[in-house]
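Chemist:
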Amino acid sequence: MSNISKIPFFICPPRTRSTVLFQLMVFYAVHKLGLKTVPHGSFELFLEFNPNIHFTDVRTSETQLGEIHPVFNGDELKIHYMSPAQYKSTSERNLYKLSVLQQAKDMGYEYYIKGTYHVVDTINEILEFFNDRHIVITQRRDIEQYALSYIYALNSNLYNSYNTKLFDNTKQYMDTLNEGVIAENIDISELLNNTRRVYELEPLLKQKDIDYTIAYYEDMSSYEQLFDIITSIYGTSEWQEYLPDDFEKYIPTRIDKDYTKCILNYNDIIENIRQQIKDSGLA
Amino acid sequence: MSKAPFFISAPRTRSSVLFETAQFYVENVLNKKSLHNHKELFLEFSRNTEFYDLKTDERNIAELYPVVKNNLLDVHYIYPHVFDTRKERNLYKLKLLQQQKDNGYEYNTKGTVQIIDTSTEVIEFYNDRHFVLTKRRNIEDYVCSFLVAYITKFFHARHHNIDRYTARIDEKVHVDTNIISNIYKLLDQTRELWKLEEYLKQQGYTYTVTYYEDLDTQDKINNCLTDILGTSDWINHLPENFENHLPIKIDKVYSDIIKNYDEVIPVIRQKIKESEIEQYI
């Protein structure tokens, strides 16, 4: 491992503790390694649509999700939401975003962003663009728990519980958890397929001789474990000096769940989920 | 040879009827491309489109944001807004139009009052067109018509929305104080737009001025378009059912529709006087 810390670039399926890892590492990345940040809530630049942004035509009441559309204005990268969607495919969207990141890079700006599984559609271009970075892939060993975690988040539209300086949804999160959700949307074939494609990246990274770390959800259950992983990624423990005392105010709160209880129709869906996992070849 | 028109149009002047009646000839014979999603490219925001943020419960109107898609210009909506000023917005739109022109594509778009911040640039861009300035003689009705459209969010009655339109108009409207303050803006912008006639004359560009009051029948509209396009051939390019797609003219008695008419009309009259717009009719 090199003595000089490389800037990390994350390639992360959802529900893998990647946001915690990412948020803990931001202080060093920005204040020591000189990266720029994007507005809060928009660091997953390669996400295609924001499920929380609804665009409505008042005349017809037709609603669409806002497509994430970054614009570099010569000074900063701003995240906008567009409708109708400009691009037809993930690949087109990624290439546009890479072109915007390239404009910024040409002006001397590099950004601390998290790649979601959407990057696999243009993986060669992504790895080429971030070829001076240390790639961090987050994974989860227990695929059934992974699938259930995603289904719960998708159907509750609550992906993380935050009690941070900028955003607090603790009450809403806990109320929903205590109430439970009925999982109506249980087609996770796209998630599983794309997750498998992320998990299959390791040989490519090896072949391209790119530095990388694979971090497992199950190995990040305590701060001690998280700190060790970050030290390993950065190649130094210096990053801890950049961590503010109240760093917990910047990261999602871990809330363990019993999916047999918080997914109210668990018994009705579990066999379907297991079959989808089996069909995906991910396990 | 007909020149393609470029409309410089204040709202509530029957410009949409003219524009939409002419579009078949302009697009099919004069080879101007149709703009998808919105013909009024220089409009800044759409009051009929909004972004709702579930996390913050905030609602915001969308900015019109044209992009090039499959090599053609297409109007999309965006939030947060990309540009800080109308001038920046117009210049961005002109830049895209110029790129498209360089690639051999020209568009049939309607210029709204928003062009006044870059009127020289817009007029120079379209200097091979025949300009059409749409006006209205009765300014009091002009303001009332705008207020009713702004409040109801119904700028046109069409066949597909006529029931909802009529139902909303039947409900009547109340003009709040904060909306009255917008009248200044409307009158100032309209005055600046109408002043452009002088500029067009000075530059020697061909133009036509049309008046709302002279466009109250299909015959008059047809004659007007024949003058603008310099030929009656355009009529041969109208589809059979074209009238079904045009805005429907519904005459209104504003003293009846505006619930607080007696309260707002003296303010409107005063503002019309102060704006000095009547010199430019």
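Residue numbers (the working numbering), protein chains in the order written: chain A, 6 to 288; chain B, 1241 to 1521.
By construction, the Cβ of each residue, glycine as well, lies at the ideal position given by its N, Cα and C atoms.
None of these values were measured; they are calculated from a predicted model.
Would residue 257/A count as contacting chain B if we go by Cβ distances under 8 Å?
Modeler: no
Chemist: By alpha-carbon positions, which one of 1326/B, 1400/B, 1336/B ends up nearest to residue 1309/B?
Modeler: Of all alpha-carbon atoms in 1326/B, 1400/B, 1336/B, the one lying nearest the alpha-carbon of residue 1309/B is that of 1336/B.
Chemist: Whole angstroms are fine: how far does the CA of residue 1428/B sit from the CA of residue 1382/B?
Modeler: 13 Å
Chemist: Flag this pair as touching only if the region 174-192 of chain A and the region 262-270 of chain A have three or more C-beta atom pairs under 8 Å; answer yes or no.
Modeler: The answer is yes - the region 262-270 of chain A touches the region 174-192 of chain A, with three or more Cβ pairs under 8 Å.
Chemist: Please go through the same chain and pick out, in chain order, the residues whose beta-carbon is closer than 6 Å to the beta-carbon of residue 18/A, but skip the five residues on each side of it.
Modeler: Residues of the same chain with a CB within less than 6 Å of the CB of residue 18/A, apart from the 5 flanking positions on each side, are 122, 200, 203 in chain order.
Chemist: Which residue wins for smallest C-alpha separation from residue 1426/B, given the options 1392/B, 1315/B, 1342/B, 1385/B?
Modeler: 1385/B
Chemist: List, in chain order, every chain D residue whose beta-carbon is nearer than 7 Å to that of residue 88/A.
Modeler: Within the model displayed, chain D is absent; protein chains A and B are what it includes.
Chemist: Could you compute how far the alpha carbon of residue 1509/B sits from the alpha carbon of residue 1380/B?
Modeler: 7 Å
Chemist: Which runs of the beta strand (DSSP E) fall wholly inside the region 1348-1377 of chain B and span at least 3 residues, in chain order?
Modeler: 1370-1375
Chemist: The beta strand (DSSP E) that contains residue 86/A, what's its start and end?
Modeler: 82-88
Chemist: Relative to the C-alpha of residue 1482/B, which candidate in 1465/B, 1264/B, 1341/B has its C-alpha closest?
Modeler: 1264/B
Chemist: Comparing alpha-carbon positions, which option in 225/A, 241/A, 242/A, 216/A lies nearest residue 259/A?
Modeler: It is 225/A.
Chemist: First and last residue of the beta strand (DSSP E) that includes residue 1293/B?
Modeler: 1285-1293
Chemist: Using a Cβ-Cβ cut-off of 8 Å, state whether residue 24/A counts as contacting chain B.
Modeler: no
Chemist: Any beta-carbon of chain A closer than 8 Å to the one on residue 1251/B?
Modeler: no
Chemist: Just curious, the beta strand (DSSP E) that residue 119/A is in, first and last residue?
Modeler: 119-121
Chemist: So, with DSSP's three-state summary, where would you put residue 1307/B?
Modeler: strand
Chemist: Which residues bound the alpha helix (DSSP H) around residue 1265/B?
Modeler: 1255-1268
Chemist: Using a Cβ distance threshold of 8 Å, determine whether the region 1341-1351 of chain B contacts the region 1259-1274 of chain B, with at least three qualifying pairs required.
Modeler: yes
Chemist: What residues in the region 171-197 of chain A have a beta carbon less than 7 Å from any beta carbon of chain B?
Modeler: none
Chemist: Taking only beta-carbon positions, decide if residue 1302/B is within less than 8 Å of chain A.
Modeler: yes
Chemist: So residue 35/A packs on residue 116/A, CB below 8 Å; how close in whole Å?
Modeler: Residue 35/A to residue 116/A, Cβ: 10 Å. No contact.
Chemist: Would you say residue 271/A and residue 37/A are within 8 Å of each other, going by their C-beta atoms?
Modeler: no
Chemist: Contact criterion: CB-CB distance below 8 Å. Does residue 91/A meet it with respect to chain B?
Modeler: yes
Chemist: Nearest to residue 1522/B by CA position, among 1338/B, 1461/B, 1447/B, 1439/B, is which residue?
Modeler: Since the first residue of chain B shown is 1241 and the last is 1521, residue 1522/B is not available in this structure.
Chemist: Starting from residue 1299/B, follow its DSSP beta bridges and name the residues at the other end.
Modeler: 1292/B
Chemist: Between residue 83/A and residue 114/A, what straight-line distance do the alpha-carbon atoms span, to the nearest angstrom?
Modeler: Near 13 Å, if we compare the C-alpha coordinates of residue 114/A and residue 83/A.
Chemist: If you measure from the beta carbon of residue 278/A to each beta carbon in chain B, is any gap under 8 Å?
Modeler: So, not an interface residue.
Chemist: Indicate whether at least one CB of chain B lies closer than 8 Å to the CB of residue 76/A.
Modeler: yes
Chemist: By Cβ distance below 8 Å, which residues in the same chain neighbour residue 1399/B in space, the five residues on each side in sequence not counted?
Modeler: 1484, 1485, 1488
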